[in-house]
Amino acid sequence: MKFRLTDLRKEILSVIDKAKKPLNAKIVKKRLISQPDFSTIYRALDFLERQKFVYSVSFAGVKYYFTSKKGNGHFLVCKKCREILEFKDCVAESLQERIQQKYNYKISEHVLYFEGLCSECQNYLNKKSKVMS
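At position 42 of the sequence shown the residue is numbered 47 (my numbering), and the sequence of numbers has no breaks.
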């Protein structure tokens, strides 16, 4: 089946590809030169995801989009400020191989994320607890 990479799809793909972390649709819209409505953006994101130009992961009920050569994503998510940090170390590859062997399952991609507190939120909470005591 042939598909067409429209100017808007190219622009959205470029915005996501240049980002240092996954972006939600609201942030994508802010970074676009053209200003389509949200339904058009969501249709374009859905198309790009179905064609595997972008991948997505949901944090706290919000879908975030990212690009990846292998379709894998590795993230740290702060539970307080919701900041997302992407990390490149793939700690899941050996686990992925074991799962494939154990369950006779061919894994094509994976998304791994850890939730916790970023250093800024840790510092803030530490200062706050010192003031309270």
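No residue lacks a Cβ here, since even glycine has one placed at the ideal position from N, Cα and C.
None of these values were measured; they are calculated from a predicted model.
- The beta carbons of residue 12 and residue 72 sit no closer together than 8 Å.
- Counting of Cβ neighbours within 10 angstroms places residue 77 among the buried residues, the total reaching 16 or more.
- A Cβ-Cβ separation of about 7 Å places residue 79 in contact with residue 94 under the 8 Å criterion.
- Note on residue 14: 16 or more other CB atoms within 10 angstroms of its CB, so buried under the neighbour-count rule.
- A contact is defined here as three or more CB-CB pairs under 8 Å, and the region 34 to 44 fails this definition with respect to the region 102 to 114.
- The criterion of a C-beta distance shorter than 8 Å is not satisfied by residue 54 and residue 47.
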